[in-house]
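Q:
Residue numbers (our numbering), protein chains in the order written: chain B, 1 to 478; chain Z, 1 to 478.
1) Using a Cβ-Cβ distance under 8 Å, would residue 170/B count as near chain Z?
2) State yes or no: is the beta carbon of residue 426/B nearer than 8 Å to at least one beta carbon in chain Z?
3) In chain order, what residues of the same chain have a beta carbon less than 7 Å from the beta carbon of residue 225/Z, not counting five sequence neighbours either side?
4) Grouping DSSP H, G and I as helix and E and B as strand, with all else coil, what is residue 413/B?
5) List the residues of chain B whose Cβ lies closer than 8 Å to the Cβ of residue 356/Z, in chain order.
6) If you draw a straight line from the C-alpha of residue 112/B to the C-alpha of residue 54/Z, how long is it?
7) Are the C-beta of residue 309/Z and some C-beta of chain B separated by less than 8 Å?
8) Roughly how many whole angstroms lie between the Cα atoms of residue 393/B and residue 367/B?
9) Could you pull out every unbroken alpha helix (DSSP H) segment of at least 4 residues lying fully inside the segment 177-243 of chain B, listed in chain order?
10) Just the C-alpha distance for residue 404/Z and residue 397/Z, rounded to the nearest angstrom, thanks.
11) With 9 Å as the limit, tell me which residues of the segment 116-146 of chain B have their beta carbon closer than that to any beta carbon of chain Z; keep them in chain order.
12) For residue 28/B, count neighbouring C-beta atoms within 10 Å of its own C-beta (all shown protein chains included) and say buried if the count is 16 or more, exposed if not.
13) Indicate the three-state DSSP secondary structure (helix, strand or coil) for residue 298/B in the structure shown.
14) Would you check if there are 3 or more beta carbon pairs closer than 8 Å linking the segment 49-65 of chain Z to the segment 441-448 of chain Z?
15) Is residue 96/B close to chain Z, meaning its C-beta is less than 8 Å from at least one C-beta of that chain?
16) For residue 467/B and residue 86/B, what's the separation of their Cα atoms in angstroms?
17) How about residue 206/B and residue 220/B: are their beta carbons less than 8 Å apart?
18) Do you know how far the Cα of residue 432/Z is from the Cα of residue 166/Z?
19) Strictly under 8 Å for the Cβ-Cβ distance: is residue 333/Z near chain B by that measure?
20) Taking C-alpha atoms, which residue in 218/B, 276/B and 307/B lies nearest to residue 252/B?
21) Starting from residue 83/Z and walking both ways along the beta strand (DSSP E), at which residues does that stretch end?
22) Does the segment 233-250 of chain B come close enough to the segment 280-292 of chain B to have 3 or more Cβ pairs within less than 8 Å?
23) Is residue 158/Z helix, strand or coil when you go by DSSP?
24) For residue 130/Z versus residue 114/Z, is the C-beta distance shorter than 8 Å?
25) Any beta carbon of chain Z sitting closer than 8 Å to that of residue 188/B?
26) Tell me whether the beta-carbon of residue 26/B lies closer than 8 Å to the beta-carbon of residue 60/B.
27) Can you tell me whether residue 405/B is helix, strand or coil according to DSSP?
28) If you draw a straight line from the alpha carbon of residue 194/Z to that of residue 395/Z, how long is it in whole angstroms?
29) Check for me: the beta strand (DSSP E) holding residue 359/Z runs from which residue to which?
30) Please report the straight-line C-alpha distance between residue 96/Z and residue 475/Z, rounded to a whole angstrom.
31) Over the uninterrupted alpha helix (DSSP H) stretch that includes residue 104/Z, give me the two end residues.
32) Just to confirm, are residue 240/Z and residue 261/Z a CB contact at a threshold of 8 Å?
33) Of the residues that make up the segment 286-308 of chain Z, which ones have a beta carbon closer than 7 Å to any beta carbon in chain B?
34) What separation, rounded to the nearest whole angstrom, lies between the Cα atoms of residue 345/B and residue 268/B?
35) Got a sec: is the Cβ-Cβ distance from residue 344/B to anything in chain Z below 8 Å?
36) Please list the residues of the segment 381-397 of chain B that have a C-beta atom closer than 7 Å to any C-beta atom in chain Z, keeping them in chain order.
Here you go:
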């Protein structure tokens, strides 16, 4: 069942490389934007997971939807896999070319096509990163809300149904995608919806492709919702005697309807990592990083509500920041938490978990998990998007130590089971990729996964779209 | 292309009725909860559309998901259609048994299964109506937000991706469904997701079934999000010199980030209908019905913002109400608008349109449409959910007058084209049903509809699930 180690990645590619006819066809379309350079291929078979990279046979760099369609149509004729590539920040093995094939690098599809502040929408090519988009929007008074930490490509964020720190207020990628342009397995170009804010016009293809991880189509253009920049923003940091009280303060606020903009919980070990990395002097205890936004009066009101709730839960004093540079200074350590944690153990790689449970079970789930980590002897900081019920453990492992890898796998396995027991999911925002294929059936049941498999087969009958990811194509077993 | 008249409903049912084996199987499961009574069948082949009813061959009244599964499995064995039935409030011909078959009436599936205020979730059987659910929630401090006007069943609301008056603040059904229990075409029971607030665990089946209008599976249980009851609510009514200024006041508020709870625009003719029906003395001019909610300070702040914007647009004085009974009195005429409009012309039936466009185009789209109505000589009040870009024209037609029916069809046709020209959709919240099947391809393009058709065929290979609705099963043509 376990599929986290390098060894278990089922590489089934042929050693022969690409068929000549396909190579010629791709060179005709892409010229020097087609490459089989081993360095470039290696980079495109690498992600942020603990997996050993598996390079594709070639990489193309399209600049338009039409070029993507030509690449996919050519690969379809030759039954060769295609794997869309954004910036490579996936952490579930999404990009590994386990069946070989052609990586479609979207980095040259970096144009913001259409900004409509009057409709609260923007349309971008898939290779635009979220920071690119927000730079483009800076003068408009509107922003794009989804922030998964990494400066991911918008295409990648759609593909994994990404979310992140301000989901509690503005929703996940799913809540912010209005329409997609997608290239289907046979190289046709479709648009999933129009630009209205809502629609009941047929099956929701927008949401079917969102989170499909490149296995149902190649996402080439994305129309998203924008939000007005709030008049006022305040940030705060506060520590608590234990994880339970920190989490409870946030859950109570949500139950009261306080519209928190961000609410992140970091455990004591994460704070220790941050102090070492960012040279801060935060109290090494479970800590909330909070953000409030709205009118000045609303921000004041929300802040007071949270202070009262935190006090009831035994929280310490709030450190506040309101001016942009102060807020950045206060929050930067949170944004660097991932890298700070990795450096707790130089040379280690992180097996990053992604459990998400109903919010009332979050404190219990995290508390059980931290006890499990302590019993395992692993080093594993824990932090999470409390308002969503989602948290990550960074299991810091020396990949050369088989027993550590084994312990991490077992812990990860127990955590996924625990999340499922709490009516939650094994992945709140990272996706299934290679890693969680075996858990999908455990989480949803065989009949549900069979429905997913029927959809996969209907839309990609030759299994050329990022094969090996999300669902097993051929068998009901896992 | 036009498919609004009774004549064009393509009834392809056999006159032989149900196969004996199927009848016996259903009687074994349902006993007296199986019927072929012509009165009951007629009622189950009737909806709120202008179509002439087309009754099913039989009706069953299941009380559980398991009974639905047995009914569907039996129909699947005999290749007989099944049509899920909630309360019959659909207005696009969804319930008409154009291929015959068995209506699955969910009215006995009326249990609220699980209320979890601590997680902001509730789980209900499909036959629970939204008012039932909110009665059940009354003492919890939480509520279910989606309000399409009719006291629809939750199953029906999921099936059509319903929305309504407070979508601008709380979202559509799509935004409020967390998980579904669904019976597939072959009678298997699946659950689409678990109870976490977000998930990236495989394809988004929840959203695929939401809005699928009974054509991909029978929805039997629904887990929805709840929202905390706001501390304070205020309602207001204000009239404007023209439609454009009324719409603009709302759009400007949204662009500023004012979180309006409801924002409905009613044209002068609708107000005239209301005055006649509800014995009110509203100024017969384009009018906004507004609702604000939040803390007392927020409500105050939002109300002031709207008053300033309305004044800039030439709006009149606000009539305010804050106490529950006053608010109800102020808003009741809006809730009765549909019935008031129908009574503008006793004996008429309404062809109800459902265009939805990007919000900056809404004023222009409505203004063009009202001019079109005036030129057509039809009587057609117009009102809409301004914040969503969605509006309805009630084309009041004497079904016996062929030229009126023809004029209504042509106007409806032009409106759908107009909405599509503004990058909008022919249906914001009512669904495709029978009526809009021909428009789906015009709106999305043939390749997109072909993807929908592949999904339909993959999940319902024998076309037994509400056949004839949403997409044509066999052909690319329409």
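Every residue, glycine too, gets a C-beta built ideally from N, C-alpha and C.
A: This is what the structure gives:
1) Numbered from 1 along the first chain, position 170 holds the residue referred to as residue 170/B. Judged by the 8 Å Cβ criterion, residue 170/B is not in contact with chain Z.
2) Against the first chain, residue 426/B aligns to sequence position 426. Yes, its Cβ sits closer than 8 Å to a Cβ of chain Z.
3) In the second chain, counting from the first residue as 1, residue 225/Z sits at position 225. If we look at residue 225/Z and ignore the five residues flanking it on each side, its Cβ neighbours are 120, 121, 176 and 178.
4) Start at 1 with the first residue of the first chain, and residue 413/B comes out as number 413. In this structure, residue 413/B counts as helix in the three-state DSSP scheme.
5) As a working note, residue 356/Z is residue 356 in the second chain. Here the neighbours are 196, 197, 198 and 199.
6) On the first chain, position 112 is the one that residue 112/B refers to. On the second chain, position 54 is the one that residue 54/Z refers to. The straight-line gap from Cα to Cα measures roughly 50 Å.
7) As a first step, residue 309/Z must be located in the second chain, where it is residue number 309. No, its Cβ sits nowhere closer than 8 Å to a Cβ of chain B.
8) Along the first chain, one-based indexing puts residue 393/B at 393. Along the first chain, one-based indexing puts residue 367/B at 367. When rounded, the distance between both Cα atoms is 12 Å.
9) 205-209
10) Along the second chain, read from residue 1 onward, the residue named residue 404/Z stands at position 404. Along the second chain, read from residue 1 onward, the residue named residue 397/Z stands at position 397. C-alpha separation (whole angstroms): 6 Å.
11) 116, 117, 118, 119, 120, 121, 141 and 142
12) Locating residue 28/B in the first chain gives position 28, where the first residue counts as 1. That one is exposed.
13) Sequence index remark: in the first chain, residue 298/B carries index 298 (1-based). Looking at residue 298/B - three-state DSSP - the assignment turns out to be helix.
14) no
15) The count along the first chain starts at 1 and reaches residue 96/B at position 96. No, because no Cβ of chain Z sits closer than 8 Å to the Cβ of residue 96/B.
16) On the first chain, position 467 is the one that residue 467/B refers to. On the first chain, position 86 is the one that residue 86/B refers to. Distance between the alpha carbons of residue 467/B and residue 86/B is about 17 Å.
17) In the first chain, counting from the first residue as 1, residue 206/B sits at position 206. In the first chain, counting from the first residue as 1, residue 220/B sits at position 220. Their beta carbons are not under 8 Å apart, which means residue 206/B does not touch residue 220/B by this criterion.
18) Translated into positions along the second chain, residue 166/Z becomes position 166. Translated into positions along the second chain, residue 432/Z becomes position 432. Answer to the nearest angstrom: the Cα atoms are 22 Å apart.
19) Position 333 of the second chain, counted from the first residue, corresponds to residue 333/Z. Cβ-Cβ to chain B under 8 Å: no for residue 333/Z.
20) Start at 1 with the first residue of the first chain, and residue 252/B comes out as number 252. Comparing Cα positions, the closest option is 307/B.
21) For the purposes of this step, residue 83/Z is taken as residue 83 along the second chain, with counting starting at 1. Run containing residue 83/Z: 82-85, per the beta strand (DSSP E) assignment.
22) yes
23) The count along the second chain starts at 1 and reaches residue 158/Z at position 158. Reduced to three states, the DSSP call for residue 158/Z is helix.
24) As a position in the second chain, residue 130/Z is number 130, starting the count at 1. As a position in the second chain, residue 114/Z is number 114, starting the count at 1. No, Cβ-Cβ distance for residue 130/Z and residue 114/Z is not below 8 Å.
25) Translated into positions along the first chain, residue 188/B becomes position 188. Interface residue, yes.
26) As a position in the first chain, residue 26/B is number 26, starting the count at 1. As a position in the first chain, residue 60/B is number 60, starting the count at 1. Yes, the Cβ-Cβ distance between residue 26/B and residue 60/B is below 8 Å.
27) Position 405 of the first chain, counted from the first residue, corresponds to residue 405/B. Three-state result, residue 405/B: helix.
28) As a first step, residue 194/Z must be located in the second chain, where it is residue number 194. As a first step, residue 395/Z must be located in the second chain, where it is residue number 395. So the alpha carbons of these two residues sit roughly 43 Å apart.
29) Indexing the second chain from 1 puts residue 359/Z at position 359. No beta strand (DSSP E) contains residue 359/Z, which DSSP labels as neither H nor E.
30) For the purposes of this step, residue 96/Z is taken as the residue at position 96 of the second chain. For the purposes of this step, residue 475/Z is taken as the residue at position 475 of the second chain. When rounded, the distance between both Cα atoms is 21 Å.
31) On the second chain, residue 104/Z is found 104 positions in, with the first residue counted as 1. Note, residue 104/Z: premise wrong, no alpha helix (DSSP H); beta strand (DSSP E) at 102-105.
32) Within the second chain, the letter at position 240 stands for residue 240/Z. Within the second chain, the letter at position 261 stands for residue 261/Z. Contact: no.
33) 295, 297, 298 and 301
34) For this step, residue 345/B is matched to residue 345 along the first chain. For this step, residue 268/B is matched to residue 268 along the first chain. Spanning the two alpha carbons is a distance of roughly 16 Å.
35) Sequence index remark: in the first chain, residue 344/B carries index 344 (1-based). It does not: the Cβ of residue 344/B has no partner Cβ on chain Z nearer than 8 Å.
36) 388, 389 and 390
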